[in-house]
Structure formats: C-alpha cells, structure tokens
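Numbering (our numbering), first residue to last: 117 to 643.
See structure below.
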C-alpha cells in the first residue's frame, strides 16, 4: 500500500492502515499531512492518534532541515485540531495544553534551520497560523508582527490579510483613545479589503466562510469609520531636533518599540512618542490615602525604565569608534577575539533592564488585582497561580474575559524559571541562563567572524562564563525589548478592560474625579 495511491482520492480509513516505517521521508511526511487534514474534516480522534503515531515515527529519524520544519508545522496543526475538538475548550479558557503545544510547535517551525527551505506559501501559512494563535490568546501585538512577516513573503495572501484585520479590529476595540481606535480600525478595514480582493491568493480549499466573514467585517468597518470620523495627521510630525535623535526615533519606529499602538499599525511619524497611558481608574474608598492609586506610580517607573533600556540598546548596536569612557581601561588580549567596551556593556544593561520589566508588571498587577502574593514572592511566572497550590489558576482569573490580561498570562510562559519549566518559547531556557549569568556570573561576548580563526579555546570552557557573539546578544536584547514593550501595552489595556468590568458591576453612587497632569519633559533636566 502506497501513499501515492490515496493522494488524489484519499480515504482516511485506508490511510490509517499504512505503516510509515517502510516509507521514504517524503512519503511519510505526506502521509502525516493527509492524516491530520482528513482527521480534521472527519472530526476523527482515531485519525489524529494515528497521525501522531506517524509523526512520532518520523521524529526518530534524522530528518533533513526542511522536513524537520514541516514536522513541527504538521505537529502544530494536529494540536490545533485537538484544541477545536476538545469538549473542555472554551473561548475564555486560560489553561490549555493544546494551545501550549500548538504555539510551541509553530515557533519551533518558524525558528528551525530548515524553515527557509520551505516554499513561500507554506512559510506564509505557518506564520499566519502563528499570528492567529497568538491573537487568540491575547498576544495581539506579537500576532501583528507574525502576520506582517507572512505578508512580506506573500503580500496578497487572503488568510494573512484577513486574520490581520481581525487582530487589528479587536485591538482597536480595546483602546481607550478615540484617535488610536480610528487609526487601527482603518488599518483593519484595509486588511479586510485586501483579503477579499479579486487578486488575493486563496491558499487552501474550504475558505469560503472565512472570506464571507472578511467581507462582512470590511463593510461594517467602512460604516463605522464613515460615521465616526477623526482627524489624524499620521505623517506631519517631527522626529526630533538633531540628526542623532531623528536616527534614534526612526530606529525605534521601524522596530515597533514605542509605547504607542499606532506603531503597530505602521511606521508613522505620529507614532514616534511613548504616549500610551493608563485609562481612568476609579478607587473605592480612601484606604490607600488621598493621593493617586499606586498603580499609577508603578506604571510611570515601568515605562521610564523601559525607555532607558531601549535607548541603551540603540547606543550599543549603533556605537562606532572608541567611546571616551573606554579609553585607558586596560584589559588583557586573550587571543580569542573578544568584543569588549562600551557598546557591549550598554547591550548587557539593555538586556537586564528589559528583562526586569516582567516582574515589575507582575508586582503592579498583584497590587491592582488584589491577588494577594507577598511582595517578596511575586514574579511574572507565579503571579497567576494560587500560592502553595502548584499550578492552580487564581480564582480571580479563571474564565475572566480580559483579552490583554490573558495575553500577559501566556506571555509569562516565555519566561523560564526553575519552578516553572513549562514554556512555549523554544529559546526560553537559554534566555534565562543568559540573564542569570549577567546578574550573578559572567557573560563573554566575541566577534562572530573573527572567532573562527582564533587559536585560543572559547571562554565558555571556563566555569561561570556564558559566551555568545555580539550579534546574538544584540538579537536577544532586541527580542527582550519587544516582549517588554508588548507586556507594557497589554498591562495598560488589561487595566482598561478591568476598569470597564468594574464600572459595569459597580452600584450607582457618587464619584469624584481627580485629574492628573503629565510630567513635562523639561522637568526631567538634572542641571
């Protein structure tokens, strides 16, 4: 019996009888893909079990890189189908092994060595699916980036554009600023229009319901934008007074590093400011004193520390020449082409600063949501669970319809800790080790190109040293900045969603507004 016999007219029952051990890698991969797809159509749990058995058989083989990327992609599809078929799955499910496994498999696929060896359509499909699951769990900022990567490969791909429209429209609805809402709703409208364009690429069969939904949403947004016009000049804004400031702000814009939702819609000059703030917050009683609630002070500090880490990263990656602070700092030549100096240390500082944001977000939420963790014991990983009861989700969170807050919960799974080793980020443990060495041991940075000709052993052979290239450190620091920025955006919108929920449940009564001005930039001077 051969897979080719069923490719054109596949029969799930017959496919389930094929033994993959005698098949080539190509045929076994085709068998796995057919089993996954047909099991979804037939809602067959047995078919999925057989697909998993075939994938397990393939896993033991030394698959070439492109097949390994496909293996991860098919595994993700299998877990996606299980999620949709699970009788316990709900829209506001917080704990889901199926989601964990689907997300991890998709990330492994797009990060694998063989991903670039796949065809454009399959790469775009994997990135589209990654964006879709990220959006579902509330990580919409990162979802948009995944969809944009898919559209960079296949610009007129219907599903990438349509799902991007869904993400942007939900993002817009979560905002508490009318101008921001209008711009993101407009971007969503454009994405839906591209999805239903006659020249759009339909990458698989059975997408008619999705296309019909995209058309309906495009029409609804067109009516909304017409009825609620907002004057917004996206481009008529200065990027700064001098060349260096303009370079810095352009660098941040292109990497989507501003605390500003407009930066997720595009690289508009208007987005080159960290203008996103907390929503209006209602305090019941005066137990906390007459001043503003602590969450406002926490947010100020988180935002300012993020901005400092971001600037340190820019200084590190754009440094040229020898900084005057490096002159006269004598170090030994260890003959292994180390990268030393101001630029390297600025990157290390930026990494530490970005990583520290996560626990501070947790501290802020612990206070605001009243989750009850002792101050010295709250972390980004343990915030969500009942103290002393393992992985039991806090009752205040279970089933809570707060999209950005759930996004923060799943973002926390990118962070490895010794007590929380279940992660959805393949590189999480390496990131943890890097941070641990930066804080408590040593990190040695080297020149990636010159190290290859070094006659000296790598410093990583010495105890307590984590060795990596300058390029790797820069990439990981940039990744941490993006995650920290996403965490701050989710924090703001999670509080907005919670304030709306509390307002709807609050009994009628008098409230007294307290207005807070913003701190003027000129007041930040130290001279």
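No residue lacks a Cβ here, since even glycine has one placed at the ideal position from N, Cα and C.
- Taking 8 Å as the cut-off, the Cβ atoms of residue 164 and residue 197 count as close.
- For residue 479, the enclosing alpha helix (DSSP H) has its first and last residue at 458–485.
- Where residue 264 is concerned, the enclosing alpha helix (DSSP H) starts and stops at 256–269.
- The C-beta separation of residue 418 from residue 477 comes to about 7 Å, placing the pair in contact by the 8 Å criterion.
- The shortest C-alpha to C-alpha distance from residue 263 to any of 252, 255, 280 is the one to 280.
- Counting C-beta pairs with one atom in each stretch, the stretch 173–182 and the stretch 197–215 have fewer than three that are closer than 8 Å, which means they do not touch.
- Between the alpha carbons of residue 611 and residue 379 lies a distance of about 20 Å.
- Counting the other CB atoms within 10 Å of its CB gives residue 195 a total of 16 or more, which places it among the buried residues.
- When DSSP states are grouped into helix, strand and coil, residue 631 belongs to the coil group.
- One alpha carbon belongs to residue 208, the other to residue 251, and they sit about 13 Å apart.
- Counting only residues of its own chain and dropping the five nearest sequence neighbours on each side, residue 301 has a CB closer than 7 Å to the CB of 285, 288, 337, 340, 341.
- Within the DSSP bridge table, the entry for residue 560 names 583 as partners.
- The alpha helix (DSSP H) runs lying completely inside the stretch 363–407 and spanning 4 residues or more are 378–381, given in chain order.
- Taking a C-beta distance under 8 Å as the contact criterion, residue 368 and residue 415 do not qualify as a contact pair.
- The beta-carbon separation of residue 497 and residue 533, rounded to 5 Å, stays under the 8 Å limit for a contact.
- Annotated three-state conformation of residue 314 is coil, per DSSP.
- Residue 148 is not a Cβ neighbour of residue 128, given a cutoff of 8 Å.
- Residue 463 sits close to residue 432, with the two beta carbons spaced by under 8 Å.
- Within the model, the alpha-carbon separation for residue 527 versus residue 518 is close to 14 Å.
- Our two residues, residue 202 and residue 160, have alpha carbons roughly 12 Å apart in a direct line.
- Taking C-beta atoms as the reference points, residue 428 and residue 392 fail to come closer than 8 Å.
- Between residue 386 and residue 349, the CB-CB gap stays under 8 Å.
- Here DSSP, grouped into helix, strand and coil, assigns residue 345 to coil.
- For residue 238, the enclosing alpha helix (DSSP H) begins and ends at 236–252.
- Annotation: residue 641 to residue 223 spans about 44 Å, alpha carbon to alpha carbon.
- If you draw a 10 Å sphere on the C-beta of residue 232, you find fewer than 16 other C-beta atoms in it, and that means exposed.
- Residue 156 is positioned such that its CB atom lies no closer than 8 Å to that of residue 188.
- Taking C-beta atoms under 8 Å as the contact rule, residue 283 and residue 259 qualify, at a distance of about 5 Å.
- In this structure residue 587 is in contact with residue 564, their Cβ atoms being roughly 5 Å apart against a cut-off of 8 Å.
- Residue 357 is not a Cβ neighbour of residue 374, given a cutoff of 8 Å.
- Every alpha helix (DSSP H) of 4 residues or more that sits fully in the stretch 286–335 is shown, in chain order, as 294–311.
- Shown here for residue 248: same chain residues with a beta carbon closer than 6 Å to its own, the five before and five after excluded, namely 279 in chain order.
- Look at residue 509 here: in three-state DSSP terms it is strand.
- If you compare the alpha carbons of 439, 632, 185, 398 with that of residue 621, the shortest gap goes to 398.
- Judged by their CB atoms, residue 323 and residue 274 are nearer to each other than the 8 Å cut-off.
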